[in-house]
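Residue numbers (my numbering): 1082 to 1368.
Note that CB positions come from ideal geometry on N, CA and C, so glycine has one too.
First the structure, in the form of structure tokens, and then the observations on it.
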């Protein structure tokens, strides 16, 4: 059994009206609208944790995908997510890692939207496998024993997470849930946040890990509602810094910088200044 969720993440990161699309960093502190546009901290249940104007980054919460054994039906149940971003947002390839946790887990992340002759084509596809064959598992390295991590290509606007059912199906294995655990998890997430979980579980035995593998989801459930933080790169428009007409850099002590995603630009304060370059007088001299 598989449950697949699809979401488009756009409005939660911008102020929207019929004629205005303005990145939230343009707002002064305490403002909730600009030019008639309503500004939101969330969209469709997606919470925005933070926005960095100078770095061109936003951090949001996305659900964790899971693949679990259901003892009542004696079948495997997949709960998988895929997300699509607006034109000027990309999943950060430097801040995020695709993370898989489990004792018999093989999961993939990729772009499977395009099809030719009813066969899915991927712009990118990667994944990793996690097992628990060793007696002692070091989660600090997250190198395949209990958990695994891999990087994603630069700036994808869409991703789909799915599990390898053939590899992970334990429904036909006698005592499989006891051997491998009932659940495995996969998520694209801010890699620095994952260390806050692994630091308290750095070296544990395999049986203990099997019994407590769901602690990853429980960890995020306790503070994040079963979700994990992911970092987005955002930019303004489609032009680069060669055409200054209509630039959003409002502060006289700011400059234009090409976006990390390769599309559009962001504004930064000049060296020796700090603040919000999208506001007049937003970049102030450091004391």
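Using a Cβ-Cβ cutoff of less than 6 Å, which residues in the same chain neighbour residue 1107 once the five nearest sequence positions on both sides are dropped? Within the chain shown, numbered from 1, the residue matching residue 1107 stands at position 26. Its pLDDT being 43, under 50, residue 1107 is placed unreliably by the model, and nothing is read from it.
Q: Report yes or no: is there a C-beta of chain B within less than 8 Å of the C-beta of residue 1151?
A: Absent here is chain B; the protein component of the structure consists of one chain.
Next item on the list: Work out the CA separation of residue 1209 and residue 1224 for me, nearest whole Å.
Entry: Position 143 of the chain shown, counting from 1, holds the residue named residue 1224. Position 128 of the chain shown, counting from 1, holds the residue named residue 1209. In a straight line, the C-alpha of residue 1224 is about 9 Å away from that of residue 1209.
Would you give the residue range spanned by the beta strand (DSSP E) that residue 1161 belongs to? For this step, residue 1161 is matched to residue 80 along the chain shown. Where residue 1161 is concerned, the enclosing beta strand (DSSP E) stretches over 1156-1166.
Report buried or exposed for residue 1134, applying the criterion of at least 16 other Cβ atoms within 10 angstroms of its Cβ. As a first step, residue 1134 is located in the chain shown; it is residue number 53 there, counting from the start. Per the 10 Å Cβ criterion, buried.
Taking the alpha-carbon positions, what's the residue 1353 to residue 1339 distance?
Here residue 1353 refers to the residue found at position 272 when the chain shown is read from its first residue. Here residue 1339 refers to the residue found at position 258 when the chain shown is read from its first residue. Each residue's Cα considered, the two are about 20 Å apart.
Given a threshold of 16 other Cβ atoms within 10 Å of its Cβ, counted over all protein chains shown, does residue 1344 qualify as buried or as exposed? Locating residue 1344 in the chain shown gives position 263, counting from the first residue. Around the beta-carbon of residue 1344, 16 or more other beta-carbon atoms lie within 10 Å, marking it buried.
Mind checking which residues open and close the beta strand (DSSP E) that includes residue 1311?
By 1-based counting over the chain shown, the position of residue 1311 is 230. Taken as a continuous stretch (DSSP letters only), the beta strand (DSSP E) holding residue 1311 covers 1308-1315.
- Residue span of the beta strand (DSSP E) that contains residue 1271, given as start and end: Numbered from 1 along the chain shown, position 190 holds the residue referred to as residue 1271. It spans 1264-1271 - the beta strand (DSSP E) in which residue 1271 sits, taken as one unbroken run.
Query raised in the report: residue 1315 to residue 1362, Cα distance in whole Å?
Result: Position 234 of the chain shown holds residue 1315. Position 281 of the chain shown holds residue 1362. Cα to Cα, the separation comes out at about 22 Å.
| message | Rounding to the nearest angstrom, what Cα-Cα distance links residue 1165 and residue 1136 in this structure? | response | Taking the first residue of the chain shown as position 1, residue 1165 is located at position 84. Taking the first residue of the chain shown as position 1, residue 1136 is located at position 55. Taking the straight line from one Cα to the other gives about 22 Å.
- Helix, strand or coil for residue 1114 per DSSP? Mapped onto the chain shown, residue 1114 falls at position 33. Below a pLDDT of 50, predicted positions are generally treated as unreliable, and residue 1114, at 46, falls in that range; the measurement from the model is reported next regardless. Three-state DSSP puts residue 1114 in a strand.
Rounded to whole angstroms, how far is the Cβ of residue 1263 from the Cβ of residue 1150, which I believe are closer than 8 Å?
-> Reading the chain shown from its first residue, position 182 is the one you call residue 1263. Reading the chain shown from its first residue, position 69 is the one you call residue 1150. The Cβ separation is near 5 Å, so the contact holds.
**Which of helix, strand or coil DSSP assigns to residue 1353** = Along the chain shown, one-based indexing puts residue 1353 at 272. Residue 1353: coil per DSSP, three-state reduction.
- Task: Answer with buried or exposed for residue 1357, where buried requires no fewer than 16 other C-beta atoms within 10 angstroms of its C-beta.
- Result: The residue you call residue 1357 lines up with position 276 of the chain shown. Per the 10 Å Cβ criterion, buried.
Outcome for residue 1247 when other beta-carbon atoms lying within 10 angstroms are tallied against a minimum of 16 = As a first step, residue 1247 is located in the chain shown; it is residue number 166 there, counting from the start. So residue 1247 ends up on the exposed side.
Anticipated Cβ contact below 8 Å, residue 1350 with residue 1337, distance rounded: If you number the chain shown from 1, residue 1350 lands on position 269. If you number the chain shown from 1, residue 1337 lands on position 256. The pair is not a contact, with the Cβ atoms about 12 Å apart (cut-off 8 Å).
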